[in-house]
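There are 4 protein chains.
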Amino acid sequence: MKLQESQISDFNKKGSEEHQNQFDFLANTLDKSGVNTKNVINALAKFQVAIPSWALGAGGTRFGRFSFYGEPSNLTQKLDDVGLLHSLTQTAGAVSLHIPWDIPEDYNAIKEQANSLNLKFDAVNSNTFQDQKNAKESYKYGSLSNTSQAVREQAIAHNQEVIKIGEKLGSKSLTVWLADGSNFPGQNNFQTALSNTENSLKAIYKTLPDDWKLFIEYKPYEPNFYSTVIQDWGTSFMLANACGDKAYTLVDLGHHLPNTNIEQIVSTLMLKGKLGGFHFNDSKYGDDDVTVGSIKPYALFLIFNELVYGMQNNPQNPDLSWMIDASHNIKDPLEDLIQSLEAIQEAYAKALLVDQNLLKEAQSANDVVACQEILQKAYRTDVRPLLAQARLQSGGALNPLALYRELQIRATLIQERGKHSMASGL
Amino acid sequence: MKLQESQISDFNKKGSEEHQNQFDFLANTLDKSGVNTKNVINALAKFQVAIPSWALGAGGTRFGRFSFYGEPSNLTQKLDDVGLLHSLTQTAGAVSLHIPWDIPEDYNAIKEQANSLNLKFDAVNSNTFQDQKNAKESYKYGSLSNTSQAVREQAIAHNQEVIKIGEKLGSKSLTVWLADGSNFPGQNNFQTALSNTENSLKAIYKTLPDDWKLFIEYKPYEPNFYSTVIQDWGTSFMLANACGDKAYTLVDLGHHLPNTNIEQIVSTLMLKGKLGGFHFNDSKYGDDDVTVGSIKPYALFLIFNELVYGMQNNPQNPDLSWMIDASHNIKDPLEDLIQSLEAIQEAYAKALLVDQNLLKEAQSANDVVACQEILQKAYRTDVRPLLAQARLQSGGALNPLALYRELQIRATLIQERGKHSMASGL
Amino acid sequence: MKLQESQISDFNKKGSEEHQNQFDFLANTLDKSGVNTKNVINALAKFQVAIPSWALGAGGTRFGRFSFYGEPSNLTQKLDDVGLLHSLTQTAGAVSLHIPWDIPEDYNAIKEQANSLNLKFDAVNSNTFQDQKNAKESYKYGSLSNTSQAVREQAIAHNQEVIKIGEKLGSKSLTVWLADGSNFPGQNNFQTALSNTENSLKAIYKTLPDDWKLFIEYKPYEPNFYSTVIQDWGTSFMLANACGDKAYTLVDLGHHLPNTNIEQIVSTLMLKGKLGGFHFNDSKYGDDDVTVGSIKPYALFLIFNELVYGMQNNPQNPDLSWMIDASHNIKDPLEDLIQSLEAIQEAYAKALLVDQNLLKEAQSANDVVACQEILQKAYRTDVRPLLAQARLQSGGALNPLALYRELQIRATLIQERGKHSMASGL
Amino acid sequence: MKLQESQISDFNKKGSEEHQNQFDFLANTLDKSGVNTKNVINALAKFQVAIPSWALGAGGTRFGRFSFYGEPSNLTQKLDDVGLLHSLTQTAGAVSLHIPWDIPEDYNAIKEQANSLNLKFDAVNSNTFQDQKNAKESYKYGSLSNTSQAVREQAIAHNQEVIKIGEKLGSKSLTVWLADGSNFPGQNNFQTALSNTENSLKAIYKTLPDDWKLFIEYKPYEPNFYSTVIQDWGTSFMLANACGDKAYTLVDLGHHLPNTNIEQIVSTLMLKGKLGGFHFNDSKYGDDDVTVGSIKPYALFLIFNELVYGMQNNPQNPDLSWMIDASHNIKDPLEDLIQSLEAIQEAYAKALLVDQNLLKEAQSANDVVACQEILQKAYRTDVRPLLAQARLQSGGALNPLALYRELQIRATLIQERGKHSMASGL
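Chains A, B, C and D are the protein sequences, given in the same order.
To get our numbering, take the position in the first sequence, counting from 1, and add 53.
To get our numbering, take the position in the second sequence, counting from 1, and add 53.
To get our numbering, take the position in the third sequence, counting from 1, and add 53.
To get our numbering, take the position in the fourth sequence, counting from 1, and add 53.
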């Protein structure tokens, strides 16, 4: 299924006048307060977030999974889904493949399809947290950190294979998320596990093409419940430094202990030029992987405030790879992603409204009350008209979710794919 | 120091046109979407939050306290400060006394002063977590829960005394916050401590006037670091039930373990008709007592969503006592309170915008995406014009903080009181 | 596979002398310090913990499951496994069935088998957190709390069916664990969900036989990640009170927010006569379900200290149902259970060593240092000889794990059942 | 007050026979299982922990402080207290001074006193979290990170002064704990604060004598409640690397977010040769600073397991500075410290019992069950006879707490110092 431009423009016509009113009024207010609204709109229009190929189906928990109908059952259908999302939102212009779940059968066909949908291939992701059928070695006790050289070599080779697949598609980065760790005190020798991991990452890094980046993700726990080899940003940063200039830390919002100040981590990494990628989701308890912005939207704004600051002030840090890394347990995955994309754009827009000069002054003067006011002024602004305007400008829908429902897209997908189609992935 | 009405009206004139524009545009938008804006404004204007008498000076931590200049050094000056706050915001129309810090010397004078400042006396608070000079018994090992009958009796008598003081002022409720608990496993027999507490509360309850309420606060830890006798809402609720119909649970936002779903607690208590009071603050780690809305504004909104729902649907629950219970470690206490009051009103306003009928429908249909959209629609609305309008309507300042600074109120207070005046309290 | 008594007694002979030395020395020391060692041994020998029928296979996480070989693939084989455990440890004299995973086909055969293995049927467990094949209604959006009456009725009927199955086997209690809750703010009306749950529980309670108990479990999150209908002990306690005298709260160690003081909850519930059951496991982060005692053995001891106190001082509280509720992701399930049983007995033994009279005195005198010393004295004692003696007395193995390995039980099971047999369950 | 050797030896005589029995039996058992008990005893006897000069008086919380009688009111009396502790335990052979609380008036006298008491001067500690009387600049908004150069320079100069004081006493290291951070989002520019801190530390480092070490402590929150400049080990490690070879990370047990795997941090730092110091205490909720081993003794053992491993396998890491950093809110400080020292020695002794060779084998074989058994075997051993034996060998008391009470040391101190003497500090 593919949207026609006319479907979008017809829809937009209906809300056009109301939108124009809202937008004009807000733009006028913002411009008077010193904001360059046009620049904000352009920044929003440019901002693109990758959708992972495994996120188009229903997720689940260890207690089970309630399936969703009309899931894409192959890579082509997954690209179609991302294409739909991108048509509606103009914010999902990239896809991030997980290997081996989504190895293309016909690279040219897949590239052409992506091209026609205006999608790029962002970071490719390896998987060494599950055993694949007929695999010689098992990752039950770890992959890159395993005490067995044979297992480590299999995991290294897999990552190198993933790079090769990515190269064929035009990807420029590899994301390594390791589930490695231990469930019980004593199970792992921490130093051996860390040293093995460092050596394995270096072996992968060695085969990384010159224009590629290696992203090293961290996570404090789950699926291991006592320790994780790369438990925090400090460990990831240390490993990235050990690998070399093309290695970076990747921050996933859900991968932190309770109460962690994530925005400070982001800021430190950008200062050091070592933040490579960013995974969006939200959570109340652990790595809950729920819709972006559904639980702690102010924290998301504060993080974006640091990201924007870094993008404007830290040339030492490269452009970031953005990806949604959420799980859709009870919502239609496409609706869930639309909500996530909206929340991301909202936080970004608000961060762009922060008056950085005033803030710097207030900070220098230790005017704590004013510092807070400056951030809150930006945050309290209703930026929905800006988001709609940016979409409009790019050919997207004024209200993506409303159009998605009006066009009964899920029903059409079910018709096309059958009720019980099932996406590969978790 | 007392504000002249003209000082406020002159200030308001300057911003009047811009405000009117913003308000009219928003009101128009809201009315079209089915909101009765006038009712919202009226509800906001009616909403009053008590300021505790100890919150007008600088707070501190166990590592020290950085003093603030021009603190009120007696009850009269404290009432003056609350009066200033109320003039500016029209939201702080009550004061909550802490005994023995703020025992009036001349009840009539104090009542007249409060009256002239348009302030009511809300709940009175007892203090059994510190030893007063010349006290016969020490609370080092607990008060209402102490193993020593003499200590328990002293603590009961103190609470009864606080009630009498409150009666003279027109208060209608007593808030009991117990620091009782233990620092080490084994220190307390949990059952003895709980039974003692229940009996002590019953003894206090016995002397409670018919038209009074008893609020039982809970807190999981601090100042005790292993256990607290009333550690959670369940314990408070159980004790309130044991005392009788006039006993209620009091919820303080900061008194919860990490990740607690506080809005659900609020909802449960209102369903059971047992939520009596509510203390506002915000926190990232523990009972940090920072400015309301400065850390988790969306959580505050969700809580208000339940409070509004309860106020509209739970006649079994009485009107609530609202109080700010924050500590002002590095901000001017009055500026801090202005920011807190604004954040409270903001959350309340947004909760009032939630379309409860649509929400009920979406909930019944398990349309999870729509449920989220409905809450987010209300939350994303920029309600600052509504707050300003409500203040305007009541004679407050369009922008209380700006006026506070323009009038250089703190400088005046320092002149009046001297730099090193110091407020009683923590 | 079934162990011969001679296999155990032969094994014990080898270690007998060394054990006798250790035991005599310890018993002598304890007796001198006022402990009645014989009574302790008898209490340990009497203490029996139920094994849930789903815990004999490999567990997993949402990221996958690494299978274990020789798993029991039907109820008969599961009982065999529990029988093996019980032969070795003499502590696992009960089994707790999960329905519909383990509905007996031939009740008489199953009862005879259990009898021959010396096993009782403890609490039966219902399952309304997954959809069964061909189920008319789905639990995707809740079961007993669902907004749809049809779903609630299906869930009620299922629980009533589980009671009937339990009756045929001689069970005397039903454990209800509800996954009901919500993933997003707004999804649930908390009050509706709670009221529905209360009414559904009452409907189940109505059909409860006179000599049965209803256990209501609580859990703050997972599989739902925003709210759980029965989120804490307070809610469970409230519901149990609403149901009646035969309804009780069930505490699962892993079902608490970070840093919760669980021993205090246990103590409160026993004081009120409302603690019905207890589920053992351990965790560092969330409901990790790892081996009992592997992470926080001192916390387990402190909990047992309250349990022992309650068993000795709270006749108002019934005998408790004990069950291991852990997941065996990377260990042989039987070895894991042996380690868990050992840790439970260890904590129980140490709690039995606490000098309750001395403790009461020290508590009354607020001698905090002495209180701690009394608990630590018991905890620091090496009680392994007591556990071995209790097993010896009951016909179990001096060292169950060593014998399990010496007899190569897993290898035998694999031979009997095949490598890829798989247990029903999660 | 000073203990006579005869007071200790007389006391020891009374318990000597019973101790000898217990020790011989245990030593015999351990030796049979391959432990070199003599080496363990020697290691225990050698292990010395510094007592901070501020820990001899009562601590408190922001809610108040309950004073303790007979507190040392000057440095001489504080050394006397540490001397008493060391006489009794033979484990407290060092003192760690906090400046400016404890600047010696007569260096020679203090050094002679320390010498006569067998005490060394361990790390000196600076204090830039409080304003001293007559200080020119205030640390209200930070010290080494402050936006004001004048404040930073004052803080740097203070640290340099502390080094000079330390040099006169024979200290060889400086511990920097920064309270710097922010209470509200926006208050600090994270990058400016971090860069300022790095530069300030480098300025201090520059004046560090060649044979000195600089310890950089980290802490996630408190006294600031939104952010701390050095929030975690990663930040400290980064700063230590930026300073140079003589700069190290210092780990304080209480300075971590909930559920942090501290033992892994210790292990990583030792692998990298960057763990310099270690502060002991215990906690359930935050930086509770309660008696070592009173809440999570198994976690302490696991940490010691990594420390022992590092001391045996990481020559790249220097000898560690050990200090107790607890607060004595309700216990006699000396009794509290005796309990802490006992708990430290206990954890150390058990870690020394771990069979590292067997553990390595089990880890290589991924025998998770065996790994756990090996750690638990060591942990479950009752090592109190080993601790007593080590003390006996060094001239300490068999049971320091019992002797402390028998000699009525506190009563004597109160007689000597008066009831209301008060220690400087928090």
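We treat Cβ as the ideally placed atom computed from N, Cα and C, and that holds for glycine.
All values derive from a computational prediction rather than experimental measurement.
It is roughly 25 Å from the alpha-carbon of PRO105/D to the alpha-carbon of CYS424/C.
DSSP, reduced to helix, strand and coil, places HIS211/D within a helical segment of the structure shown. Under a criterion of Cβ atoms nearer than 7 Å, the residues of chain B adjacent to ASN382/D are, in order, ASN236. Residue contact with chain C for ILE348/B: absent (no Cβ-Cβ distance below 8 Å to any residue of chain C).
ARG470/C and LEU387/C have their alpha carbons spaced roughly 15 Å apart. The three-state secondary structure of VAL93/C, taken from DSSP, is helix.
Taking 8 Å as the cut-off, the Cβ atoms of TYR301/D and ILE391/D do not count as close. Bounds of any beta strand (DSSP E) do not take in ILE427/A; it lies within the alpha helix (DSSP H) bounded by 421-433. When Cβ-Cβ separations below 8 Å define contact, ILE61/C makes no contact with chain B. Between the C-alpha atoms of GLU270/D and GLN166/A there is a straight-line separation of about 54 Å. Within the segment 431-448 of chain A, the residues whose Cβ lies closer than 9 Å to any Cβ of chain B are, in chain order, TYR432, ARG433, THR434, ASP435, VAL436, ARG437. Among the residues of chain C, those whose CB is under 7 Å from the CB of CYS424/B are PHE237, GLY239, GLN240, following chain order. Contact annotation for PHE78/D against chain C: PHE78 [CB-CB distance below 7 Å, chain order].
Per DSSP, the beta bridge partners of GLU270/C are LEU303/C. DSSP assignment within the segment 136-180 of chain B yields the following whole beta strand (DSSP E) runs of 3 residues or more, N-terminal first: 147-149. For GLN57/C, not one C-beta of chain B is nearer than 8 Å to its own C-beta. Between ALA404/D and PHE357/D, the C-beta spacing is below 8 Å. With respect to chain A, the C-beta atom of THR344/C has a partner C-beta closer than 8 Å.
In the assembly as shown, TYR160/D is an exposed residue. Its beta-carbon has fewer than 16 other beta-carbons within 10 Å. Taking C-beta separations shorter than 6 Å and ignoring five residues to either side along the sequence, the partners of LEU454/D in its chain run ILE391, following chain order.
Looking from the CA of ALA418/D, the closest CA among ILE218/A, ASN171/A, GLN202/A belongs to GLN202/A.
By the Cβ criterion, the segment 135-152 of chain C is not in contact with the segment 190-197 of chain C, since fewer than three pairs of Cβ atoms, one from each stretch, lie closer than 8 Å. Within the segment 305-328 of chain C, the residues whose Cβ lies closer than 7 Å to some Cβ of chain A are PRO311, listed in chain order. Here the C-alpha atom of ASP285/D lies approximately 23 Å from the C-alpha atom of TYR351/A. VAL93/B is outside the set of residues whose beta carbon lies under 8 Å from a beta carbon in chain A. Residue environment analysis places PRO157/A among the buried positions, since at least 16 neighbouring C-beta atoms fall within 10 angstroms of its C-beta.
Rounded to the nearest whole angstrom, the C-alpha separation of THR288/B and PHE243/B is 12 Å. For the C-beta of LYS337/A, the chain B residues within less than 8 Å are, from N- to C-terminus, ASN312, ASN314.
Listed in chain order, the beta strand (DSSP E) runs fully inside the segment 289-342 of chain C are 300-305, 328-333, counting runs of at least 3 residues.
Beta-bridge pairing by DSSP links GLY234/A to THR281/A.
Using a CB distance cut-off of 8 Å, THR288/A does not count as an interface residue toward chain C. Around the C-beta of ASP77/C, fewer than 16 other C-beta atoms lie within 10 Å, and the residue is accordingly described as exposed. Residue nearest to ASN382/A within the set PHE119/A, ASN171/A, ALA80/A, THR321/A is PHE119/A (criterion: CA-CA distance). Taking a Cβ-Cβ cut-off of 7 Å, the neighbours of TYR351/A in chain B comprise LYS349, PRO350, TYR351, given in sequence order. Three or more Cβ pairs closer than 8 Å define a contact, and the segment 162-176 of chain B meets that threshold against the segment 118-134 of chain B. PRO453/A is bridged by DSSP to nothing; it lacks a bridge partner.
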